[in-house]
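Here is the structure we will look at, set down as structure tokens.
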Amino acid sequence: MATTLSPAQHEVLDLLRAADRERPEVAPELRDGLRARLDRELGAIAAGLAEPLFAGKAAIGRVLACEAHHLDEQATPFEWSLPTARGTVAHKAIQLSVARADRPAPLVLVDDALERLAGDPGERIADFLLALSSADRAELRSDVNGIVATFLELWPPLERSWQPQTESPRRAELCGGMVVLSGRVDLTLGAPRGNRAGRVVVDLKTGGRHAGHLDDLRFYALLDTLRVGVPPFSAVGYYLDSGTFTAEEMTESVLEAAVRRTVAAVTKLVELKLGLRSPSRTANAACRWCRLRPDCSAAVVDDPLAQEL
Ligand code: SF4
217 MATTLSPAQH EVLDLLRAAD RERPEVAPEL RDGLRARLDR ELGAIAAGLA
267 EPLFAGKAAI GRVLACEAHH LDEQATPFEW SLPTARGTVA HKAIQLSVAR
317 ADRPAPLVLV DDALERLAGD PGERIADFLL ALSSADRAEL RSDVNGIVAT
367 FLELWPPLER SWQPQTESPR RAELCGGMVV LSGRVDLTLG APRGNRAGRV
417 VVDLKTGGRH AGHLDDLRFY ALLDTLRVGV PPFSAVGYYL DSGTFTAEEM
467 TESVLEAAVR RTVAAVTKLV ELKLGLRSPS RTANAACRWC RLRPDCSAAV
517 VDDPLAQEL
């Protein structure tokens, strides 16, 4: 296969294989140690909860960036739009592409994805897709087609022996089930062997790069470690619009950073939920679209793009 790949596909393949890097072996007690530590550090605050608190990457990222913005987002019902639908449909189309052996054209995958999402009453996006005007549907098809075509052009075909999995759910229940960390990994390749790392987790992003994406990848790596006991050896953020990526080796010190960040965020989420703290305001990249901005004295006033990577 390698001789038929384009240079861009080779680049992705080299990144995924990382053949020159030894896969680290971790102590068998790593998972239990991480879990015990999270239980210990969150136990006291979680004891005040009357119902489980669910924390995913979005809430964790938001509350650490600006508590007031997080509370406002949480209180506002989510509304679908063409930009938000774009990512969901693109992820579904790519999921279908990974599972199919016949390499259909991108637009075929997009139409399959639209049909499946619209036809599944369990999908939150279904009603939005069913109500689209023909012009909006055409715009969405066209946008997603571009994303999927880029993915198929830049990524090598994923061989079955790489054990590709898409949209894999991850969930960790802590503090007797009162704190639930969860996420859905876009794509994983490989698997650990015994205590030796062997998996790559991939987060596919639409839109531009943001410093928080690296933290999202670390959070996924932590969830994977809490599930299987061995961290991924690498976490990759792939930017579908630009065909570029970031990658980080998942060492124990990176996991340590993920644990500290998770504890800090969950502590804030619980304290805000229980009314134990007043929400602080911190200027960040989200000021650009924050509904509180007109009356917010803390809002960022300079070019927020400067805060992006
Ligand atoms: S405008 Fe910025 S600082 Fe103010 S609440 Fe919104 S995100 Fe926070």
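Numbering of the sequence shown is given in our numbering, commencing with residue 217 and proceeding in unit increments. The C-beta atom is built at its ideal place from N, Cα and C for all residues, glycine as well.
Where residue i and residue j are concerned, what is the direct C-alpha to C-alpha distance, given to the nearest angstrom?
i           : j           : result
residue 492 : residue 416 : 39 Å
residue 471 : residue 234 : 20 Å
residue 398 : residue 343 : 25 Å
residue 227 : residue 428 : 24 Å
residue 462 : residue 434 : 12 Å
residue 320 : residue 328 : 10 Å
residue 353 : residue 303 : 14 Å
residue 330 : residue 311 : 12 Å
residue 345 : residue 248 : 43 Å
residue 242 : residue 390 : 22 Å
residue 262 : residue 221 : 51 Å
residue 367 : residue 459 : 8 Å
residue 411 : residue 445 : 8 Å
residue 259 : residue 387 : 18 Å
residue 464 : residue 281 : 22 Å
residue 268 : residue 253 : 19 Å
residue 299 : residue 424 : 13 Å
residue 437 : residue 413 : 11 Å
residue 325 : residue 512 : 44 Å
residue 369 : residue 361 : 12 Å
residue 286 : residue 509 : 13 Å
residue 250 : residue 322 : 42 Å
Could you name the residues of the same chain whose beta carbon sits closer than 8 Å to that of residue i, not counting the 5 residues immediately before and after it, in chain order?
i           : result
residue 507 : 288, 292
residue 393 : 268
Shorter than 7 Å, the distance from the beta carbon of residue i to the closest heavy atom of the ligand SF4, or not?
i           : result
residue 498 : yes
residue 426 : no
residue 429 : no
residue 326 : no
residue 279 : no
residue 285 : yes
residue 528 : Since the first and last residues shown for the chain are 217 and 525, residue 528 lies out of range.
residue 475 : no
residue 391 : no
residue 516 : yes
residue 509 : yes
residue 365 : no
residue 291 : no
residue 481 : no
residue 274 : no
residue 317 : no
residue 413 : no
By Cβ distance below 7 Å, which residues in the same chain neighbour residue i in space, the five residues on each side in sequence not counted?
i           : result
residue 283 : 484, 488, 495, 496
residue 422 : 302, 303, 306, 363, 456, 457
residue 576 : With the chain covering only 217 through 525, there is no way to say anything about residue 576.
residue 231 : 452, 461, 463
residue 499 : 514, 515, 516
residue 407 : 379, 414, 415
What residue does the beta strand (DSSP E) around residue i start on, and which one ends it?
i           : result
residue 461 : 460-465
residue 387 : 381-390
residue 398 : 395-406
Among residues of its own chain, excluding the 5 on either side of residue i, which ones have a beta-carbon nearer than 6 Å to its beta-carbon?
i           : result
residue 403 : 382, 418
residue 380 : 314, 374, 405
residue 229 : 372
residue 277 : 428
Please report the residue range of the alpha helix (DSSP H) in which residue i lies.
i           : result
residue 480 : 468-489
residue 325 : 322-335
residue 441 : 428-444
residue 265 : Segment: none, residue 265 is in no alpha helix (DSSP H) and carries neither H nor E.
residue 419 : Here residue 419 belongs to no alpha helix (DSSP H); instead the beta strand (DSSP E) covers 415-421.
residue 453 : Careful: residue 453 lies outside any alpha helix (DSSP H), inside the beta strand (DSSP E) at 450-455.
residue 344 : 342-346
residue 274 : 273-281
residue 369 : 350-370
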